[in-house]
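In our numbering, the protein residues as written are 36 to 454.
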């Protein structure tokens with residue numbers, strides 16, 4: 036029996052079936068302990084933008100570790116690597132003169148953003164503006180605030196009361212957002228959380244004009260617009276941030292994953308001047324929030340090396356090209372009897388949706404296709420609505436893209452043939 040408690044796992048099933056141990060990675064491929072090779076169609080878990088096995092990042096981390104691995108950054112304390120990273124990220128942000136609060140990951144970033152929002156409202160004399168708006172299908176991590184903001188019902192089940200003053204709107208309707216703010220009252224509404232592309236909820240790109248309209252609704256009502264770019268940031272959508280691609284200028288951006296390509300855990304909250312300025316004013320007092328590893332020097336070094344690779348290898352432009360090629364390569368799957376639709380077209384992100392009629396007969400069909408894909412050398416995973424996650428590294432080659440499409444087709448054929 037394993038001592039390791041897996042995340043998002045039915046541990047009884049893991050014990051029965053055994054785990055799959057991944058031992059090595061290079062570029063867009065990974066290998067298991069038995070020597071089987073897989074094309075990593077999930078980039079780890081949406082994070083490995085620069086591909087696996089980058090010695091540049093490992094070397095940067097080693098150099099930093101032998102100089103200073105880590106130290107507290109609470110209060111007056113800092114270190115050069117963290118200062119450099121904050122300046123770098125602020126310079127990439129789609130809002131001018133931003134400030135950067137570093138965390139240990141995406142869920143941390145969401146909880147941090149939630150506390151910034153609540154504290155901000157208090158500082159500007161609006162303590163009654165406590166209501167947070169989430170979208171259906173949304174995923175914002177699994178800490179208490181992020182779970183409360185989830186629009187995936189299964190992720191809320193079994194935990195009892197969570198964060199209060201959270202309301203939900205449809206994921207694709209800016210008019211519903213406006214009417215909800217009017218119903219709740221702008222004088223009670225604090226913030227709206229928005230993934231530019233719905234990720235773990237099934238990979239749903241935004242309808243044309245939705246993001247811009249939702250941003251305008253929030254601006255008109257004085258509601259803070261928080262772009263959750265944990266998945267979409269750092270090149271995944273062909274820009275440093277999807278918010279920049281859509282011209283959103285959020286009040287806050289939450290990010291993680293691609294900031295280090297997963298080489299070490301790191302997240303951040305990026306704040307526009309309108310949000311951070313009250314915290315900087317004389318008399319604002321201490322913001323009583325932070326993490327042991329906020330501003331970890333070695334992790335900051337990993338992030339800086341990762342950003343150098345994204346910039347130096349032109350991966351933003353590569354992602355724009357891959358976006359088109361990925362959509363084209365997966366389009367034929369829409370004609371497969373098991374597939375309802377393929378969702379793609381905003382960044383290197385896609386989902387192969389198992390047909391609802393198939394799922395009605397066989398609710399576990401998506402999981403069976405995932406296992407068949409593993410046997411065909413494609414690493415994917417099932418998402419909430421019975422879809423297959425496709426989010427490969429940004430270094431994916433044309434040959435590897437063909438390998439991905441062929442492997443998925445074969446896996447679908449295998450499951451269909453097995454009945």
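Think of the CB as a built atom: it goes at the ideal place given N, C-alpha and C, for glycine as much as any other residue.
All figures in this text were calculated on a predicted structure; none of them were measured in a lab.
Where the alpha helix (DSSP H) through residue i begins and ends
i	result
residue 302	No alpha helix (DSSP H) holds residue 302; the beta strand (DSSP E) holding it covers 302-306.
residue 217	209-219
residue 410	400-410
residue 105	Neither: residue 105 is in no alpha helix (DSSP H) and is coded neither H nor E.
residue 149	141-158
residue 434	433-453
residue 191	188-191
residue 392	391-396
DSSP state of residue i mapped onto helix, strand, coil
i	result
residue 174	coil
residue 253	helix
residue 456	Residue 456 lies beyond the residue range present for the chain, which begins at 36 and ends at 454; the question has no answer from this structure.
residue 169	strand
residue 275	coil
residue 122	helix
residue 62	strand
residue 37	coil
residue 46	helix
residue 182	helix
residue 458	This structure gives no information on residue 458, because the portion of the chain shown stretches from 36 to 454.
residue 94	helix
residue 78	helix
residue 294	helix
residue 235	coil
residue 418	strand
Delimiting residues of the beta strand (DSSP E) encompassing residue i
i	result
residue 134	134-138
residue 75	72-75
residue 466	Coverage of the chain is limited to positions 36 through 454, which leaves residue 466 absent and any answer about it impossible.
residue 287	287-290
residue 423	422-425
residue 261	259-263
Cut-off 7 Å between Cβ atoms - residues of its own chain near residue i, not counting five sequence neighbours on either side
i	result
residue 262	229, 231, 278, 283, 285, 288
residue 49	41
residue 325	109
residue 182	190, 191, 194, 197
Same chain only: Cβ atoms within 6 Å of residue i, ignoring 5 sequence neighbours per side
i	result
residue 112	none
residue 384	232, 238, 426
residue 298	92, 337
Same chain only: Cβ atoms within 8 Å of residue i, ignoring 5 sequence neighbours per side
i	result
residue 400	373, 389, 393, 394, 421, 450
residue 258	168, 216, 221, 224, 225, 226, 227, 252
residue 481	An answer regarding residue 481 cannot be provided, because it is not within the stretch 36 to 454 covered by the chain.
CB contact check: residue i to chain D, cutoff 8 Å
i	result
residue 68	In the displayed structure, chain D is absent; only one protein chain is listed.
Q) Counting pairs of beta carbons, one from the region 231-246 and one from the region 310-322, are three or more of them closer than 8 Å? A) Between the region 231-246 and the region 310-322 there are fewer than three inter-stretch CB-CB distances shorter than 8 Å, so the stretches are not counted as touching.
Q: Could I get the ranges of all uninterrupted alpha helix (DSSP H) runs contained in the region 312-387, with 4 residues as the minimum, in chain order?
A: Here the runs fully enclosed are 332-347, 350-365.
(Q) Count Cβ pairs between the region 422-429 and the region 69-77 that sit closer than 8 Å; are there 3 or more? (A) yes
Q. Using 8 Å as the Cβ pair cut-off and three pairs as the minimum, do the region 59-73 and the region 303-315 touch?
A. no
Q) Are the region 324-340 and the region 117-126 in contact at 8 Å, needing three or more beta carbon pairs? A) yes
Q: Decide if the region 166-173 is in contact with the region 219-227; the criterion is three or more beta carbon pairs, one per stretch, under 8 Å apart.
A: With three or more CB-CB distances shorter than 8 Å, the region 166-173 counts as touching the region 219-227.
Q. Hey, is the region 398-412 in contact with the region 444-451, meaning 3+ C-beta pairs nearer than 8 Å?
A. Touching, yes, given that three or more Cβ pairs across the two stretches are closer than 8 Å.
Q.
Any contact between the region 357-370 and the region 119-137? By contact I mean 3 or more CB pairs, one from each, below 8 Å.
A. no
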